[in-house]
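Residue numbers (UniProt numbering): 1 to 829. Data first, discussion second: the structure below is written as structure tokens.
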Amino acid sequence: MLKIHFTCPLPNGLHARPASALEQRVNAFGAHVQIVNLRNERQADARSVLAMIGTDILYQDPCELVITGDDEAAAFQALQQFITQEFASCDESMPPSQNEIDTPLPVFLAQTTAEILRGNGVSGGLALGVAMYSGTPDLYQLAEREVATTPEVQRDALQAALQQVRMQLRDALHHAQGEAATVLQAHINLLEDDLFERALLSERPARNALAALAQALDELSAPLRESRSSYLQQRVLDIQDLGLRLATHLCEQPLMPETVLRQDTIVISPTPITPGQFLALRGPHLKGVVMGAGGETSHTVILARSFGIPLLSVEPAEITRIRSNEPLMLDTRYGVVVLAPDAQALRWYQLEEEKRQRQHLRLQPLIQRPGVTQDGESVAILANIALAAEAEAAFAAGAEGIGLFRTEMLFCERAAPPDEEEQYQAYRHVLQQAKGRKVVIRTLDIGGDKPCDYLNMPPEENPFLGWRGIRLYPAFNAVFTTQVRALLRASATGPLHIMAPMVTTLEEIKWLREQFQQTEAQLRAEGIATGIWSLGIMAEVPSVLYLLEKAAAYIDFVSIGSNDLTQYFLACDRGNPQVRHLYNYFDPSFLQLLTEMTARAQRAGIAISLCGEMGGDPSALALLLGAGLRQLSMSVSRIAAAKAHLSSLTLASGEQKLAQALASDGAQAVMMALKQQVTAAAKPVVDPALILLDRPVADKAEVIKVLTDNLEVEQRVISGPEVESAIWQREAIFSTALGFAIALPHCKSAAVSHSSVSLMRLTKPLAWNDEVDVSLIIMLTVSEQEKGDHMKIFSRLARKLMHAEFRQQLLDRALPQDVAELLAQEIAG
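Take a look at the structure:
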């Protein structure tokens, strides 16, 4: 027996390509060669690529080759030369590392024992469903449609499919070069691997050959999914690719992706999905999307936000850890997907859903009321839509108009642009739904991250600063003129506001006005009616600030596109993880830009509004009010909450907060200051709504979450999870169990907007710590502004609870109102 000791030099670990190179050297000898990962003590036959991958050898792992047999000396010499001189060159460089997702999970959710993946939540929400890979057939589901067969028939079918795919790949290899040839050779090696063939042809309790294939693929993928190497995890895609090749020879029907969702589903896609794919999947069973990073600013995200579908962007290598048909719990607000959620994660989902329903009921009365501040200042709350079909739902959700109708969905993912009649019907439909309310339709905004294939636009080094928006119209005049005709025809249905994107110069504005005037004259000459229309531009580029006075002669309104304006003003690509942190519309310099732009437009007599995501951010609402904006457009799902928050603000408070923000040193300081400021009228410390009597709960963590959730519903905290975390931080220092079966958790936090005393009476005692069971929990949450009262209230409660009569009254009183009166009386005394 001879041994070769070495440290793995491969940046991506031992994956298919270097394993194939080692296997080829080993096959030149008769000796048995075993590779051993000394870190985890896994070992494998070096003649099996898949077996070697299963050892999970990572960069700099200590390893050895163990060689035994007649020609072991010759094998030792050749393999030692290969390991020392060639092995490292079998791999490419380590993929660049991405920013870590470091947002802490809420305490209750962090206690799950299930596996979790972290990502970037680009469309917020909560979902529960089974995983389904988009664009990839679910072999288990397809197997149910195929005829059941015997194990012998299954084996023969799989053997035949294996031979056919091997021949196809060998033929393709003859015509391939460079990287493509390398990948094909690695796939061929996998197909010819003894482990692959044994797994494929093993007898299984399967319905048919397709079901047996699905089981074999899961078995072969398991070691890769479990690897600590993201690169090896991503190699699951190689196994899946080979599996689909094999499946095409086993199906009697064409192998087509399953797009009809028959159960609550979370769609998984290693690559960003297109808007067309999203719309094809959309329906009552589409609950969420997990897709590969790179599409965070795409129209798919815009659609997801519009329809209220949670969407999480995750590194592709991480996505391969998700199994098809696996139950998932998705919470994109915290950038997390839970795989096979345990009881803790499922209870989180249930509690969050209960909270959401209660918040919805609270907001329901505000839906059809106009937006107005506490002191009577009107602020129109409008909706952003991307499809004409969304208009009806937008108005039902409380939109006072359509502040942005993105028309790109009409144009993209098709072989040719829509004709005039198709566009006219879409625009007309929105205006009919509006019934005279404001409608703003944006002309075609493509280029950058929004291409249309049939326009054959050349590749650009920096498309976001290149040929996009209005800059394209002269070159594609027929497409543009068709849209102008459709828009002007639609204006006969109702008053229409039309605006153009990516305007940067006065020349463009003059040209735009001229095109609309000429087209309207042509329509009239043809005897075609037009109605009332006005023309405006998107303010997405900082140069617009200095055009407004001169532009007033040619345009009627301007709408601030806060997404792109922030990106261009701060010179950072919001889709680039390396600089995404710079993209922040709370930056004081950006807020100064908004304020000056609003003031200049108003002085020039140009109506101004805002239609970016900033408009729907409750934290930004006071600043926008202070800046002078009185028309805000946002995703439909944010309308009711925006109206509710607006009703707690005054014009004076908005102006004061803006002044403080402009004087701040940076975005983080602005956000911190906004959190610390109470925005609504004072509320009593004790309120019947904070008294929860005779509640069945599972444990201490659930008690704290339910009480902080209730504070969130009652609008007494800015962030329930932050208050929950503050409670737990104090619990970590000392237990708040007082004895007498009572606990008194408490905190002071900037996330508390109204100091509160909450009470929960349990149906049966639970363990508060290792030694104490409790039946009654009184929770004190104090704001930073009122922190002087913290210990005073705490001390009074603690002293009163020492008296058996007071404790008994808390246990005996049947109504929340009675308990609240008792608490208020004792605290005041």
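Ideal Cβ positions, reconstructed from N, Cα and C, are used throughout, including at glycine.
Taking a 10 Å sphere around the C-beta of Val-774, we find 16 or more other C-beta atoms and assign the residue as buried. The DSSP-derived three-state label of Thr-248 is coil. With the rule of 3 Cβ pairs closer than 8 Å, the region 331-346 counts as touching the region 109-126. Per DSSP, the beta bridge partners of Asn-37 are Arg-42 and Cys-63. Of the other Cβ atoms in all chains shown, fewer than 16 fall within 10 Å of the Cβ of Thr-68; this residue is therefore exposed.
If you look at Trp-511, you'll find it in the alpha helix (DSSP H) that goes 506-525. Comparing alpha-carbon positions, the option among Val-772, Lys-764, Arg-761 and Ala-644 lying closest to Leu-361 turns out to be Ala-644. Inter-segment contact for the region 622-632 and the region 645-665 is present: three or more beta-carbon pairs are separated by less than 8 Å. For Lys-705, the enclosing alpha helix (DSSP H) covers residues 700-713. The region 571-589 makes no contact with the region 512-525, as fewer than three CB pairs between them are under 8 Å. Below 8 Å, enough C-beta pairs join the region 45-63 and the region 7-17 to call them touching: three or more.
Between Ser-313 and Ala-31, the alpha-carbon positions lie close to 48 Å from each other.
Contact between Val-267 and Leu-281 holds: their C-beta atoms lie close to 6 Å from each other, under 8 Å.
Inclusion of His-746 and Arg-761 in the CB contact set at 8 Å is not warranted, their separation being larger than that value. Under the three-state reduction of DSSP output, Phe-480 falls in the helix class.
A residue is called buried when at least 16 other Cβ atoms come within 10 angstroms of its Cβ; Asp-56 meets this threshold and is buried.
Assignment of Glu-722 by DSSP, reduced to helix, strand and coil, places it in the helix class. A check of alpha carbon separations from Ser-324 across Ser-719, Ala-131 and Tyr-424 identifies Ala-131 as the nearest. Taken through DSSP and simplified to helix, strand or coil, Asp-331 comes out as strand.
Close CB contacts of Gln-809 within its chain, under the 7 Å cut and outside five residues either way in sequence, are with Leu-822 (chain order). Inclusion of Val-440 and Met-499 in the CB contact set at 8 Å is warranted, their separation being smaller than that value. Less than 8 Å separates the beta-carbon of Gly-615 from that of Ser-562.
In the three-state reduction of the DSSP assignment, Leu-10 falls in the coil class, being assigned neither a helical nor a strand state. Counting only the Cα atoms, Leu-109 lies some 6 Å from Trp-348. A direct Cα-to-Cα measurement between Gln-159 and Lys-700 gives close to 57 Å. Restricting attention to beta strand (DSSP E) runs no shorter than 3 residues, the region 618-704 encloses them at 631-634 and 691-695, ordered along the chain. By the criterion of at least three beta-carbon pairs nearer than 8 Å, the region 77-84 is not in contact with the region 304-311. In the assembly as shown, Gln-433 is a buried residue. Its beta-carbon has 16 or more other beta-carbons within 10 Å. Arg-198 sits exposed, since fewer than 16 C-beta atoms from the chains shown fall within 10 Å of its C-beta. Gly-447 places its beta carbon less than 8 Å from that of Met-457. Rounded to the nearest angstrom, the gap between the Cα atoms of Ser-647 and Ala-820 is 27 Å. Per the C-alpha coordinates, the member of Ala-529, Arg-47, Pro-106 and Met-1 positioned closest to Val-706 is Pro-106. The C-alpha of Asp-665 lies about 7 Å from the C-alpha of Pro-588. 8 Å or more divides the Cβ of Ser-269 from the Cβ of Arg-630. In the DSSP annotation of this structure, the continuous segment of the alpha helix (DSSP H) that includes Val-430 starts and ends at 420-434. In the same chain as Ala-689, and ignoring 5 residues on each side of it, the C-beta atoms closer than 7 Å to its own belong to Glu-714, in chain order.
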